[in-house]
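First up is the structure itself, then whatever we jot down about it.
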Amino acid sequence: MNPVVGLDVAKGESQVQAFLDKKKPYKTSFKVSHTLEGLGILSEFFREVQDLTGIKPPIVLESTGHYHTPVVQYFEERGYLLIIVNPLVSYRAKSSSLRKVKTDIIDARHLCELYYKEELEPYKKRGIQLLNLRNLTRQHESMTGMYVQTKLQFQAVLDQVFPEYENVFGDLYSAVSLLTLLEFPTSKEVLGVEEDTLANRIDELCKSRSSKWAHTQAKKLIEAASRNPFKEILYQSHITSLELNIMMLLEYQRHLSKLEAEIDALAKEMEEYQIIQSIPGIGEKIAATIISEIGEIERFNHAKKLVAFAGLDPSIFESGRFKGTVNRITKRESSRLRHALYMAVRCAIRDSRKKKTTPKIIPRNKKLREFYDKKRGEGKPYKVAIIACANKLLHWIYALLKSNSTFQDIA
């Protein structure tokens with residue numbers, strides 16, 4: 004006999020259906036909650052199937068973000084074979100039916116039937132380090148998005164309160180710049196104090212710079228306040244919004260700095276981190292994102308499978324004599340990996356000085372830049388050439404991780 008159990012996982016519960024063999028469902032489908040009690044009942048059911056067949060049943064379930072995590076962890080600890088199916092694969096199997104029916108019971112049954120129809124790969128556990136790194140890099144990406152939105156809101160308010168302030172400090176969003184603006188948000192407040200008072204306050208806020216620099220910045224601030232078109236602020240709400248946005252920006256900077264330190268410390272313990280950074284154009288943040296999204300390279304037995312995982316493989320559309328010529332990439336699976344590769348390619352093909360002492364300009368990654376120029380020379384649009392480079396870059400990453408070697412660029 005060849006038993007299997009299908010789990011249609013949802014938030015906090017799963018629909019269960021067991022088969023003792025192909026076309027031999029066992030009992031009626033039922034639901035269990037993702038609690039210790041519910042998973043214990045499910046474990047007893049699995050043992051019942053095992054007693055009947057003499058074989059420990061594999062468990063088939065769809066990848067559902069984080070909802071399936073407690074189920075996977077519970078049964079992995081108990082030695083069960085887990086098969087986590089890509090939702091696209093299970094959806095294709097469900098769509099083969101002529102009847103349009105969508106229920107949890109039917110879905111759990113389809114997962115069992117899929118086990119007998121196709122050769123499914125067992126779940127391979129990612130290391131705790133990789134999972135931690137993935138969680139941190141995704142949190143960093145999410146927080147960076149919120150930080151950028153706050154910067155846009157801050158800029159919009161600043162344009163209505165103190166637009167001339169933007170060029171006072173080299174970096175508008177530095178801590179000293181934001182803290183100075185928090186204390187002196189309008190021209191009236193800047194011009195209402197002496198230059199020495201401003202300089203002393205700036206000096207207190209930035210201990211790493213000299214007092215001479217602080218006096219220079221104070222003078223620039225007074226000049227900016229004198230040029231500012233908004234001498235009187237009509238809307239107090241703008242000042243309130245400006246203060247709130249500054250405080251949020253400072254908090255985001257603190258949290259992002261902490262995340263970056265934790266990501267860097269965790270990634271440095273992984274050999275893959277150094278291997279991927281050996282490719283010119285890939286820095287620390289991009290390298291951490293790439294290895295956390297790929298996970299264990301052993302999951303892929305061919306570079307093309309990794310390319311498909313990143314959604315960089317071209318879609319194919321043919322029917323009869325028709326053959327599609329405009330084939331876009333599938334954009335399936337990991338969008339974060341795809342975005343990281345896109346950024347890596349842009350950095351790699353960008354021109355930079357070889358040394359600060361020489362005006363000689365060369366691309367960061369000569370091999371990839373030559374490939375990019377070749378594609379552009381063939382008449383490929385910019386985005387098509389970039390995607391082709393990302394595909395090639397992913398092939399390189401696959402080869403390096405599989406062979407455990409570093410990238411050798413052309414000098």
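Note that this note's numbering has the sequence shown beginning at 4, numbered continuously upward. Don't be surprised by glycine CBs; every beta carbon is placed ideally from N, CA and C.
Identify the continuous alpha helix (DSSP H) that holds residue i and give its terminal residues.
i, result
"Tyr385", "Tyr385 to Ser406"
"Ala221", "Ser214 to Arg230"
"Glu47", "Leu39 to Thr56"
"Leu201", "Glu198 to Leu208"
"Lys377", "Lys369 to Gly380"
"Thr140", "Ile131 to Val164"
"Met346", "Ser338 to Ile352"
"Thr72", "Thr72 to Glu79"
"Glu192", "Ser190 to Leu194"
"Thr183", "Ala178 to Glu186"
On the CB-based measure, 16 or more other CB atoms within 10 Å of its CB, does residue i come out buried or exposed?
i, result
"Val151", "exposed"
"Leu42", "buried"
"Asn304", "exposed"
"Gly327", "Because Gly327 carries a pLDDT of 49, less than 50, the predicted location of this residue cannot be relied on, and the following value inherits that uncertainty. Per the 10 Å Cβ criterion, exposed."
"Ile285", "buried"
"Pro6", "buried"
"Asn394", "buried"
"Tyr401", "buried"
"Leu101", "Low local confidence applies: a pLDDT of 42 at Leu101 is under 50, so the model's placement there is unreliable, with the coordinate-based value given in what follows. By the 10 Å Cβ count, Leu101 comes out exposed."
"His241", "buried"
"Thr183", "buried"
"Thr243", "exposed"
"His69", "exposed"
"Gln280", "buried"
"Pro60", "buried"
Compare the beta carbon distance of residue i and residue j with 8 Å and say whether it is the shorter of the two.
i, j, result
"Phe157", "Asn248", "yes"
"Val179", "Phe187", "no"
"Leu315", "Ile332", "yes"
"Ser190", "Ala228", "yes"
"Leu269", "Ile297", "no"
"Leu117", "Asp11", "no"
"Gln18", "Pro28", "no"
"Phe233", "Phe172", "no"
"Thr56", "Met4", "yes"
"Lys378", "Ala391", "yes"
"His143", "Glu16", "no"
"Ile282", "Asn203", "no"
"Ile389", "Pro366", "no"
"Ile300", "Tyr276", "no"
"Leu245", "Leu161", "yes"
"Leu309", "Val348", "no"
"Phe312", "Ser337", "yes"
"Glu265", "Leu185", "no"
"Leu201", "Leu224", "yes"
Pop quiz: residue i and residue j are said to be a contact at Cβ under 8 Å. What is the actual Cβ separation, rounded to whole angstroms?
i, j, result
"Ile62", "Ile86", "7 Å"
"Glu198", "Ala221", "5 Å"
"Val75", "Val8", "In fact, because the Cβ distance is near 13 Å, the residues do not count as touching under 8 Å."
"Gln132", "Glu272", "7 Å"
"Leu252", "Lys154", "7 Å"
"Ile278", "Leu404", "6 Å"
"Val88", "Ser66", "7 Å"
Under DSSP, the beta strand (DSSP E) around residue i begins and ends at which residues?
i, result
"Glu65", "Ile62 to Glu65"
"Gly15", "It is not in any beta strand (DSSP E) - Gly15 carries neither H nor E in the DSSP assignment."
"Leu85", "Leu85 to Val88"
"Thr31", "Lys27 to Ser36"
Entirely enclosed alpha helix (DSSP H) segments - the stretch 241-321, minimum 4 residues:
Entirely contained in the stretch 241-321, the alpha helix (DSSP H) runs reaching 4 residues are, in chain order, 274-280, 287-297 and 306-312.
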